[in-house]
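A.B. asks:
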Amino acid sequence: MSDSSDDDVPLARTNGHASAPTISKATDRAMDRAASKARPAPPGLSIRNGPVAYDSMEIDSTPNGTVKRKSRSSIGQSINYKDGSDSDDGAPLAKRQKASRKDESDSDDQPIARKNGGKLPPSIRETGDTSDDDDEPLGTHLAKQKADIEKTAAKEAKAIRSSAAKAKKATPKKTAVKDESDDEPPAKPKKRQSNGVSSSAKKTNGVKKEDSDSDAPIAKKGKKATLKAAAKATPTAKGKATTTKKAAKFEKEESKDSDDEGQEEEYRWWDAPKKEDDSVKWTTLEHNGVIFPPAYEPLPKNVKLYYDGQPVNLHIEAEEVATFFGSMLHSTQNIENPVFCKNFFNDFKDILKKTGGAKNESGSRVDVKDLKKLDFTKIFDYYQDISNAKKARPAAEKKAEKAEKDKLEAPYMFCKWDGRKEKVGNFRVEPPGLFRGRGEHPKTGTVKKRVMPEQVTINIGKGAKVPEPPAGHKWKAVQHDNKATWLAMWQENVNGNYKYVMLAANSTVKGQADFKKFEKARELKKHIDRIRADYTKELKSEVMADRQRATAMYLIDRFALRAGNEKDTDNEAETVGCCSLKFEHVTLQEPNTVIFDFLGKDSIRFYNEVTVERQVFKNLKMFKKPPKEDGDDIFDRLNTTQLNKHLSSYMPGLTAKVFRTYNASFTMSQLLQELEGNNEKSIPEKIKLYNDCNRKVAILCNHKRTVGAGHEVQMEKLGDRIKGLKYQKWRNKMMMLDVDPKLKKKKGAEFFELDADMNEEWVKQHQKFLVEELKAKITKKFEKDNEKLQSEGQATMPEKELKERLKPVAELEAKHKKENKTKKVEAEGKDPSAEKFTATIKKLDDRIKTLELQSADREGNKEVALGTSKINYIDPRLTVVFAAKFNVPIEKFFSKTLRDKFNWAIQSVGGDSTWEF
DNA sequence: ATGTAAACTTAGAACTACGTTG
DNA sequence: CAACGTAGTTCTAAGTTTACAT
């Protein structure tokens, strides 16, 4: 259908080509008819993500003139500013071959030729199973389970939902306890309030006691899990009679009810009744502000920047900028990135201009116009030396300094929030430096300026003492917004982003927010059936916008994509999420395989081959219909606002991101459930099982990490160690034979053969290695002993002694020689026996097994980051329950900080292993 | 409706501490 | 008992979402 760009309905996005506003039945039918007759594979994830090299993209996008967003050659690319030296191939994530995927990419959405008839891509077969309706990212088995569970859950949920809704409607509304309303000036407009500037304007309207709400309708019974704990702690929040406006303001109401016996004792908010209005975050707030980074320390006279071989003098401000670059010469990743260099150099030249330029020794101006002629190595070395010296200092000194630092920071570490001591997260103002944007960030390398107090806004309780700004300075503003949780804020100069000082993860506010997040995800369980049914229907909507929305929801639900806000392409790296997917990010293969390949958040590559429901496939094909081409949006009639608005009609607060939480936690819950029956296993094994589940979730969420350069080497080392053990095992077998030659018959010749992955060549190599190792060990010991003697003022041992000590080395060599020649191994040890050797072999076997396990584990793990999902997506209560059920101490899963962060989960679920997500 | 400021969560890399093990 | 690797922390960039302004 010709050009569709001229339609009445406004487009969600205005770049590039648009799709028609509606889809006629005829169009749909035509697509169906033309479609391949191949039987679609069951929809579902085909766990085929990862591979494919990432080097250049062959198609260099063909920006279609008009577009205002510049479309780059999508993914690929990875500019490889790798470590200079060897710099391999530049593929960022290591080796991976580019999948052949010969791309019928473009052709496929065209005239709908039936292309590869019934041939299914291999990945589809992997998903096996023919159940066609419901499914889940983690394979069909899990999928079915999920479907079942949900069906029932959803049903009862529906009942609960409707009755609950009714009940709610009646009471809580009034509960809102206005109070607010009569306040006059918007003492606290919900948000917005330009940088606190307004603060002054604010009048002291009596912060109408919001307390009153706390005693409102305690209708909410704590969830049952809470009950027993509640009994013990029972805060009786309602007892808070008073609250005469001002009275409560700064007084701790503690005095009254506070069951917080131990003053400082932890506030068990999870046992407390829920507040229905949580927009007010605090009533009193005291803190000490922020710590500014130390002032710049000029370089010593003898350390200079060089230009064109000549040392140059700089104004101190320019010098500081020079050190930003100079101190990171080791970071080839940045230093070799032309964008980084260009941005830095521009900024550097600016500051030079502003500060009088660079001067040579005789004081005349040096025109700095080529970055390549700048030599920072002196600066670099200087900082290296300093850091080395620092590291080398005696422990005591280090400790002292640490203590000093701690003392300095102590006042900032905690704040007083509603009278309780709470930990502050990031009280340090970010130091100046070079902005390190990720991926192809257009601004990477630009100077991030020093933040001055004049840029910092303080948010603090009305009656609290305002922290002193550094001498001679003042704050940008001081405000008292109790609907905000931050203590201080400033705007960074590079991108104009806001930076906030907030509380630490283990604080009450953060904990409550976290709890809320997971509860919301759990609530989604109750609506998911309806949502899915709806979008499934809407996949066929005649309204393009609705059809796109439904399709996007499908992708978000099924494949855990992020929402995908629109980005400012010339000031940010080009990454996408669901709503911002572009033509080139999705490849379609008949009959129903979709290949996603794009850069997501943090420029992390998302590569996934999946099978989808036929209708989804058809829709995507439609959304890619010509004249759309590279650079055009797939969902041109959808944006995240529209999507979220629709979602929230299903459930208050439902947004795209909730699906990720839901999916991750739900999946984890299912996977852990499958672990029932492993109770007898050892603790390490159970941990491993848990981690395996964790890993699957991480893969689902596409949480990656770059594999360190050293990893390859280490894997090899590990492999060698395993082989070494296998070799020892073999030797032991041979020794058995030496003791009792008859065993050969008994056990079969095969038993005594060398492992398949080793040959004589390798053995010789290994023997050499063993010899060297022994030699090194002895020599080292000798030297050490000598050193010791020397320090004690005694005579050192002569070389002769070393020779003597090295005798075993020669013996070992001889032994090897002999063994190689005779093909036999003489039994070692005193009274050797076959039994003894069997025992050692068994031991060796065990070690080999663990090492192999570890090796596989590490390999599988190398580019998957488990932490992110554990910290942000998996409901911690799942882990707590698992730990309890399987008798594994929670420390095995949660580090100290995580235990603090998830204290609410640990406490509220406790030993109760019946809790379910 | 749409654009934008603001606020808060999520994210991987860099740095540091710490337990293991040769 | 140092050296090493990894696990845990810190840092701050990069998302999402909300609500206000227009």
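Position 431 (the first sequence) corresponds to 431 in UniProt numbering; numbering is contiguous. For each residue, glycine too, the CB sits at the ideal point set by N, CA and C. This structure is a prediction, so every number in the text was calculated from the model and none was measured.
Closest to K729 by CA distance: which of K499, F837, T575 is it?
C.D. replies: Of the candidates K499, F837, T575, the one whose C-alpha sits nearest the C-alpha of K729 is F837.
A.B. asks: Report yes if the C-beta distance between N482 and V280 is below 9 Å; otherwise report no.
C.D. replies: Closer than 9 Å, so yes.
A.B. asks: What number of angstroms, rounded off, separates the C-alpha of K349 from the C-alpha of A358?
C.D. replies: Approximately 10 Å between the Cα atoms of the pair.
A.B. asks: Check whether the Cβ atoms of T536 and Q642 lie closer than 9 Å to each other.
C.D. replies: Not in contact: T536 and Q642 (Cβ atoms no closer than 9 Å).
A.B. asks: Only counting the same chain, and skipping five residues up and downstream in sequence, which positions put a Cβ closer than 7 Å to that of S913?
C.D. replies: Correct list, in chain order: V881, A884, K885.
A.B. asks: Express the C-alpha separation of N334 and A505 in angstroms, rounding to a whole number.
C.D. replies: The alpha-carbon atoms of A505 and N334 are separated by roughly 31 Å.
A.B. asks: So the candidates are E430, M413, H330, T779; which of them puts its Cα closest to the Cα of D381?
C.D. replies: Measuring from the Cα of D381, the nearest candidate turns out to be H330.
A.B. asks: Going along the chain, which residues of its own chain have a beta-carbon closer than 8 Å to the beta-carbon of L725, five neighbours each way excluded?
C.D. replies: The residues are L844, R847, I848, L851.
A.B. asks: When the Cα atoms are used, what is the spatial distance from E613 to N592?
C.D. replies: When rounded, the distance between both Cα atoms is 7 Å.
A.B. asks: Residues in the same chain with beta-carbon distance under 7 Å from V543, minus the five sequence neighbours each way, listed in chain order, please.
C.D. replies: Excluding residues within five positions, the ones whose Cβ falls inside 7 Å are T22.
A.B. asks: If you run the structure through DSSP and keep just helix, strand and coil, what is Y383?
C.D. replies: If DSSP states are grouped into helix, strand and coil, Y383 belongs with the helices.
A.B. asks: Residues in its own chain within less than 7 Å of N619 by CB, not counting five upstream and five downstream?
C.D. replies: If we look at N619 and ignore the five residues flanking it on each side, its Cβ neighbours are L539, R547, T551.
A.B. asks: Compute the beta-carbon to beta-carbon distance between D375 and Y306, rounded to the nearest angstrom, for a pair I have assumed lies under 8 Å.
C.D. replies: Going by Cβ atoms, the distance from D375 to Y306 rounds to 4 Å, so yes, they are a contact pair.
A.B. asks: Among K775, E773, L802, which residue has its Cα nearest to the Cα of D785?
C.D. replies: Comparing Cα-Cα distances from D785 to each of K775, E773, L802, the minimum goes to L802.
A.B. asks: What is the DSSP secondary structure of A231, counted as helix, strand or coil?
C.D. replies: Confidence at A231 is low in this model, with a pLDDT of 33, below 50, so its placement is unreliable and the value that follows should be read with caution. Here A231 sits in helix by DSSP.
A.B. asks: Where does T897 land, buried or exposed, given buried means 16+ other C-beta within 10 angstroms?
C.D. replies: Exposed, by the Cβ-count rule.
A.B. asks: Could you check whether G860 and R637 sit closer than 9 Å to each other, using their CB atoms as the reference points?
C.D. replies: For R637 and G860, no; Cβs fall outside 9 Å.
A.B. asks: Give me the Cα-Cα distance between F427 and E916, rounded to the nearest whole angstrom.
C.D. replies: Rounded to the nearest angstrom, the two C-alpha atoms are 37 Å apart.
A.B. asks: Identify, in the order they occur along the chain, each residue of the same chain with its Cβ nearer than 7 Å to the Cβ of A533, setting aside the five sequence neighbours on each side.
C.D. replies: Cβ within range, chain order: n/a, list empty.
A.B. asks: Exposed or buried, A237, counting other C-beta atoms within 10 Å across all chains shown (16 or more means buried)?
C.D. replies: Since pLDDT at A237 reaches only 34, below the 50 mark, its modelled position is unreliable, and the value read off the structure follows with that caveat. Flag for A237 reads buried.
A.B. asks: Please classify I906: does DSSP put it in a helix, a strand, or coil?
C.D. replies: Helix at I906.
A.B. asks: By the DSSP assignment, the alpha helix (DSSP H) with D347 in it spans what residues?
C.D. replies: 338–355 is the span of the alpha helix (DSSP H), which, as asked, contains D347.
A.B. asks: Taking Q512 as the reference, give the member of E276, S869, L754 with the closest Cα.
C.D. replies: Q512 has its Cα closest to that of E276, out of E276, S869, L754.
A.B. asks: Below 8 Å on the Cβ atoms is my contact criterion, and I expect H711 with K862 to pass it. Report the Cβ-Cβ distance as a whole number of Å.
C.D. replies: Contact holds; Cβ gap of about 6 Å.
A.B. asks: Is the beta carbon of V763 closer than 9 Å to that of L754?
C.D. replies: Going by C-beta atoms, L754 is nearer than 9 Å to V763.
A.B. asks: Indicate, with yes or no, if the ligand GDP has a heavy atom lying under 8 Å from the CB of I687.
C.D. replies: Among the components of this structure there are no ligands whatsoever, and the ligand GDP is therefore not found.
A.B. asks: Fully enclosed by the segment 721–786, which alpha helix (DSSP H) runs are 4 residues long or longer?
C.D. replies: Runs found: 743–747.
A.B. asks: Using a 10 Å radius around the Cβ and a threshold of 16 neighbouring Cβ atoms, would you call Q589 buried or exposed?
C.D. replies: Classification of Q589: buried, given that the 10 Å Cβ count is 16 or more.
A.B. asks: Using the Cβ count rule (16 or more neighbours within 10 Å means buried), how would you classify S507?
C.D. replies: Under this definition S507 is a buried residue.
A.B. asks: Relative to the alpha-carbon of S384, which residue among V576, T323, P338, F345 has its alpha-carbon at the smallest distance?
C.D. replies: For the sequence presented, residue 384 should be read as Gln rather than Ser. Measuring from the Cα of Q384, the nearest candidate turns out to be T323.
A.B. asks: Tell me the residue span of the beta strand (DSSP E) that contains F837.
C.D. replies: Careful: F837 lies outside any beta strand (DSSP E), inside the alpha helix (DSSP H) at 834–861.
A.B. asks: Hey, would you say H766 sits closer than 9 Å to L866, going by beta carbons?
C.D. replies: Going by C-beta atoms, H766 is not nearer than 9 Å to L866.
A.B. asks: At the level of alpha carbons, what is the spacing between P300 and E319?
C.D. replies: If I take the Cα positions, the gap works out to 11 Å.
A.B. asks: What three-state label does DSSP hand K499 in the structure shown?
C.D. replies: Looking at K499 - three-state DSSP - the assignment turns out to be strand.
A.B. asks: For the alpha helix (DSSP H) holding L638, just list the boundary residues, first then last.
C.D. replies: Looking at the DSSP string, L638 is not in any alpha helix (DSSP H), and its letter there is neither H nor E.
A.B. asks: Tell me the rounded alpha-carbon separation between N679 and L671.
C.D. replies: Between N679 and L671, the C-alpha separation is close to 15 Å.
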